[in-house]
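Worksheet: one structure, shown below.
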Amino acid sequence: MPATGTLWAVGPPAPHQGSAPPRTTSSFSPVPAMTASGTRGHNDNRLPMPGNPPVRQASQRLFSCTTPKTRVTGWRANYVQSMRTSRIFTAALLAAAGSAWAQPVQYLDLRTPRVALNARVTDRDLTSPDLQVGFSDGSLRGRAFGRPLNLTLDAARIRGIYGSGPVDLRMTQEEGALHAKGTFGGQLTDFQVTPQTLKGDVGRCSYQLKASEEGRYQGWRSCLAGLENPVSLSIPPAIGGDDARLVATLALILSR
């Protein structure tokens, strides 16, 4: 019996029966001979069958592995999967970038000798370390300066709760000015804003501001702690384009 499952076959060749002389082989067979059936065996003296060479059979088996129906495994499978994952992440990044371009970030900024507030504004929210306020159709909800905020907005009135105090502001248009009057967080509020000026009382502070450029006001204010000068306020278009949202946001931050 020929040895099988062995890398090296050591020993004399097996005796040959019959009139034909035995084929001479080396005592070392580092590469087993290819049989007519296309498999390799050790000390196999059979010659390949004519018309069916082992090399052709081997190449047929090799290329048959590349047919479309063949299941891809190993590192090729990992490579294919990584390419699919890469395409998914690329699509997600492009979608996120498109969303960011569609909703540019703006900032609401208030500066006084005592207060420095810079809040990020989108069409959905107003955020800073002190503000986490969400915008939706007809409402402002969240937390502002450590207190809960829940407001309902319509074209002429703002109602709700800020902290533990009620909010009830009525809005009117008077000679090109947007006028808001009532209570905000339980404090009296009466102010008006135009593209040129912002003046009036918001909580415990009284403001006198003039526009230095579009959306930016400068001037002074007087609060319980005394006169504060200079004061600057920047109002982004994301807020300035909606009267009720503008009044509610100004009443919220100017009362600081």
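full-length UniProt numbering puts the first residue of the sequence shown at 1, with every later residue one more than the last. All C-beta atoms, glycine included, are put in the ideal place defined by N, C-alpha and C.
Between the Cα of residue i and the Cα atoms of the options, which residue gives the shortest distance?
i, options, result
"arginine 221", "Gly215, Leu110, Ala155", "Leu110"
"glutamate 214", "Ser234, Arg245, Ala225", "Ser234"
"arginine 170", "Leu252, Leu254, Arg256, Ala248", "Ala248"
"serine 206", "Ser212, Leu246, Ala225", "Ala225"
"arginine 245", "Ala116, Thr122, Pro113, Pro104", "Thr122"
"valine 115", "Glu228, Tyr217, Gly146", "Glu228"
"aspartate 243", "Arg120, Cys223, His179", "His179"
"cysteine 223", "Gln208, Asn118, Ala119, Ser212", "Gln208"
Pull up the DSSP beta-bridge partners for residue i, would you.
i, result
"arginine 170", "Arg157, Lys181"
"valine 115", "Bridge partners of valine 115: none, in fact."
"leucine 108", "Ala119"
"glutamine 132", "Thr127, Arg143"
"proline 148", "Arg143"
"glutamine 218", "Lys210, Ser232"
"valine 193", "Leu178, Leu198"
"residue 296", "For residue 296 there is no data in the structure shown, the boundaries of the chain being 1 and 256."
"glycine 165", "Tyr162"
"leucine 188", "Thr183"
Drop a sphere of 10 angstroms on the beta-carbon of residue i, count the other beta-carbons inside from all chains shown, and report buried for 16 or more, exposed for fewer.
i, result
"proline 129", "exposed"
"tyrosine 107", "exposed"
"threonine 189", "buried"
"proline 104", "exposed"
"residue 267", "What is shown of the chain runs 1 to 256, which leaves residue 267 out entirely."
"glutamine 196", "exposed"
"isoleucine 239", "buried"
"proline 236", "buried"
"asparagine 150", "exposed"
With residue i and residue j assumed to form a contact (beta carbons below 8 Å), what rounded beta-carbon distance in angstroms separates them?
i, j, result
"glycine 142", "leucine 153", "Actually they are not in contact, since the Cβ atoms of glycine 142 and leucine 153 sit about 14 Å apart, beyond 8 Å."
"glycine 203", "serine 136", "At roughly 25 Å, the Cβ-Cβ gap does not stay under 8 Å, so glycine 203 and serine 136 are not in contact."
"lysine 210", "glycine 200", "Not confirmed; about 13 Å, so no contact."
"glycine 134", "arginine 147", "With 8 Å as the limit, glycine 134 and arginine 147 do not qualify as a contact, their Cβ atoms being about 15 Å apart."
"leucine 252", "alanine 144", "6 Å"
"threonine 112", "valine 231", "5 Å"
Using 7 Å as the cut-off, classify the Cβ of residue i as near or not near the heavy atoms of the ligand ADP, replying yes or no.
i, result
"aspartate 123", "The ligand ADP is not part of the structure shown, which contains no ligands of any sort."
Verify the CB distance criterion: does residue i have a CB-CB separation below 8 Å to chain C?
i, result
"proline 113", "No chain C appears in this structure, which consists of one protein chain only."
Are at least three pairs of beta-carbons, each pair with one atom in the region 150 to 158 and one in the region 167 to 184, less than 8 Å apart?
Counting Cβ pairs under 8 Å, three or more are found: they touch.
**contact_flag[the region 116 to 132, the region 165 to 173] where n(CB pairs < 8 Å) is 3 or more** = Because the criterion of three Cβ pairs below 8 Å is not met, the region 116 to 132 and the region 165 to 173 do not touch.
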